[in-house]
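Trainee: What follows is a single structure, and I will ask about it in a moment.
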Amino acid sequence: MPLPPLDLSELRVLIVEDNPYMRQILRMMLTGYGVRSVFEAEDGAEALELVASSAPDLVLTDWLMPIVNGAELTRMIRQMPAPACFLPIIAITAHTEKRRILSARDSGITEVMCKPVSARGLYLRIANCILNPRDFVRSPSFFGPDRRRFQAPLHNGTERRGTGIADGYTLDETGELSQSQENAAVATGRAGASDPSRRGAAAVRQVRTSGQGTV
1 MPLPPLDLSE
11 LRVLIVEDNP
21 YMRQILRMML
31 TGYGVRSVFE
41 AEDGAEALEL
51 VASSAPDLVL
61 TDWLMPIVNG
71 AELTRMIRQM
81 PAPACFLPII
91 AITAHTEKRR
101 ILSARDSGIT
111 EVMCKPVSAR
121 GLYLRIANCI
131 LNPRDFVRSP
141 SFFGPDRRRF
151 QAPLHNGTER
161 RGTGIADGYT
171 LDETGELSQS
181 QENAAVATGR
191 AGASDPSRRG
201 AAAVRQVRTS
211 GQGTV
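Letter by letter, the sequence shown follows residues 1 to 215 in full-length UniProt numbering.
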């Protein structure tokens, strides 16, 4: 299936990963998509400094890290002043059990992707952030993207390891599975504007600035 064509040349991406080899792999994938501005942090504490100083448009973060892990990093970013609090955050993890995924969702994560990361799978996750941005929801106990449209982690473009969740399905607010036409459309390159190639960094920045309408 063709990938949705997007201009990612102006996208600013922050990689948060304690493994230097994994950081290198992610950087190579991003540059292969045309991304020219990539920042790296070894842990969540360093990442918070870079979010404040470098104004990334997107964060890719490992979930299990020393000092500040992915969940703590996500919650801290969501507590930052706008526009940083609206950053799309993609968590990358080797653990995709349902309870872990729901925990990631409840921390305010935008997308979850499981290891090993494929170039196609990561591109689709980035495309989903651009073409299908979710409204942000604020409640006494939560601030982040609408959890009713949370997409389960992509594994090798076909299946979620350990869950049996196929592409185009989501975990809703109660943890039940439901099919999403929007997610299926993104996976086949049919979602978004009439010319999705024009929707790259500018689209992400619009979401990051506005939260796509906070509910």
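Here a beta-carbon is modelled for each residue, glycine too, at the ideal position from N, C-alpha and C.
Pop quiz: ILE130 and LEU6 are said to be a contact at Cβ under 8 Å. What is the actual Cβ separation, rounded to whole angstroms?
Mentor: Looking up residue 130 in the sequence shown gives position 130. Looking up residue 6 in the sequence shown gives position 6. Correct: roughly 6 Å between the Cβ atoms.
Trainee: Within its chain, find whatever has a CB closer than 8 Å to the CB of GLY44; leave out the 5 residues flanking it on each side and keep chain order.
Mentor: As a working mapping, residue 44 is identified with position 44 in the sequence shown. The answer, listed in chain order, is VAL16, THR61, MET65, ILE67, VAL68, ASN69, GLY70, GLU72, LEU73, MET76.
Trainee: At a cut of 8 Å, does the region 93 to 104 reach the region 113 to 131 through at least three beta carbon pairs?
Mentor: yes
Trainee: Where does GLU49 fall in DSSP's three states?
Mentor: One-based indexing of the sequence shown puts residue 49 at position 49. Note: GLU49 maps to helix in three-state DSSP.
Trainee: Does DSSP put GLU176 in a helix, in a strand, or in coil?
Mentor: As a working note, residue 176 is residue 176 in the sequence shown. Interpretation of GLU176 is limited by its pLDDT of 35, a score under 50 that renders its predicted location unreliable; the figure taken from the coordinates is listed afterwards. In this structure, GLU176 counts as coil in the three-state DSSP scheme.
Trainee: Could you give the C-beta distance for CYS126 and LEU58, rounded to a whole number, given that I count them as a contact under 8 Å?
Mentor: Position 126 of the sequence shown holds residue 126. Position 58 of the sequence shown holds residue 58. What sits at residue 126 in the sequence shown is Ile, not Cys. Confirmed, about 7 Å.
Trainee: Tell me the DSSP bridge mates of MET76?
Mentor: The residue labelled residue 76 in the question sits at position 76 within the sequence shown. None; MET76 has no bridge partner.
Trainee: By Cβ distance, which residues of its chain are closer than 6 Å to ARG12, with the 5 residues on each side in sequence left out?
Mentor: Along the sequence shown, one-based indexing puts residue 12 at 12. Closer than 6 Å at Cβ, skipping near neighbours: SER37, PRO56, ASP57.
Trainee: Taking 9 Å as the cut-off, decide whether the C-beta atoms of TYR123 and TYR33 are in contact.
Mentor: Residue numbering aside, residue 123 sits at position 123 when the sequence shown is read from its first letter. Residue numbering aside, residue 33 sits at position 33 when the sequence shown is read from its first letter. Yes, the Cβ-Cβ distance between TYR123 and TYR33 is below 9 Å.
Trainee: If you follow the alpha helix (DSSP H) that ALA127 is part of, which residue opens it and which one closes it?
Mentor: To locate residue 127, count along the sequence shown from 1; it is residue 127. 119 to 131 is the extent of the alpha helix (DSSP H) around ALA127.
Trainee: Is it the case that the Cβ atoms of PRO133 and PRO81 are separated by a distance below 9 Å?
Mentor: As a first step, residue 133 is located in the sequence shown; it is residue number 133 there, counting from the start. As a first step, residue 81 is located in the sequence shown; it is residue number 81 there, counting from the start. Cβ atoms of PRO133 and PRO81: not closer than 9 Å.
Trainee: Provide the residue span of the beta strand (DSSP E) that contains LEU3, from first to last.
Mentor: Counting from one through the sequence shown, the residue named residue 3 turns up at place 3. Looking at the DSSP string, LEU3 is not in any beta strand (DSSP E), and its letter there is neither H nor E.
Trainee: In the structure shown, what three-state DSSP assignment does LEU102 receive?
Mentor: Translated into the one-based positions of the sequence shown, residue 102 becomes position 102. It is helical.
Trainee: Would you call the CB atoms of LEU8 and ALA47 closer than 9 Å?
Mentor: Taking the first residue of the sequence shown as position 1, residue 8 is located at position 8. Taking the first residue of the sequence shown as position 1, residue 47 is located at position 47. In this structure, the beta-carbon distance from LEU8 to ALA47 does not fall below 9 Å.
Trainee: Would you say ILE101 and PRO145 are within 9 Å of each other, going by their C-beta atoms?
Mentor: Here residue 101 refers to the residue found at position 101 when the sequence shown is read from its first residue. Here residue 145 refers to the residue found at position 145 when the sequence shown is read from its first residue. It is not a contact, given that the beta carbons lie outside the stated cut-off.
Trainee: Measuring only the C-alpha atoms, how far is MET29 from ALA119?
Mentor: Stepping through the sequence shown from its first residue, residue 29 is reached at position 29. Stepping through the sequence shown from its first residue, residue 119 is reached at position 119. Approximately 6 Å between the Cα atoms of the pair.
Trainee: For ASP18, which residues of its own chain have a beta-carbon under 8 Å away from its beta-carbon, when the five flanking residues on both sides are left out?
Mentor: One-based indexing of the sequence shown puts residue 18 at position 18. GLU42, ASP43, ASP62, MET65, PRO66.
Trainee: Expressed to the nearest angstrom, what Euclidean distance is found between the alpha-carbon atoms of MET103 and ARG78?
Mentor: Along the sequence shown, read from residue 1 onward, the residue named residue 103 stands at position 103. Along the sequence shown, read from residue 1 onward, the residue named residue 78 stands at position 78. First, the residue type needs correcting, since residue 103 is Ser and not Met in the sequence shown. Computed Cα separation, rounded: 15 Å.
Trainee: Near ALA52, what residues of its chain come up, given a Cβ to Cβ distance below 8 Å and the 5 sequence neighbours on each side ignored?
Mentor: Translated into positions along the sequence shown, residue 52 becomes position 52. These residues qualify, in order along the chain: MET80, ALA84.
Trainee: Beta-carbon within less than 8 Å of ILE25's beta-carbon, same chain only, minus the 5 sequence neighbours each way: which residues are those?
Mentor: Here residue 25 refers to the residue found at position 25 of the sequence shown. Excluding residues up to 5 positions away in sequence, VAL117 lie with their Cβ nearer than 8 Å to the Cβ of ILE25 in the same chain.
Trainee: Taking the alpha-carbon positions, what's the GLU40 to SER54 distance?
Mentor: Locating residue 40 in the sequence shown gives position 40, counting from the first residue. Locating residue 54 in the sequence shown gives position 54, counting from the first residue. Going from the Cα of GLU40 to the Cα of SER54 covers about 11 Å.
Trainee: For SER107, is the classification buried or exposed, using 16 other Cβ atoms within 10 angstroms of its Cβ as the cut-off for buried?
Mentor: For the purposes of this step, residue 107 is taken as residue 107 along the sequence shown, with counting starting at 1. The C-beta of SER107 has 16 or more other C-beta atoms within 10 Å across all chains shown, which makes the residue buried.
Trainee: Would ARG147 be called buried (16 or more neighbouring beta carbons within 10 Å of its own) or exposed?
Mentor: Within the sequence shown, residue 147 is the residue found at index 147, counting from 1. Buried is the call here.
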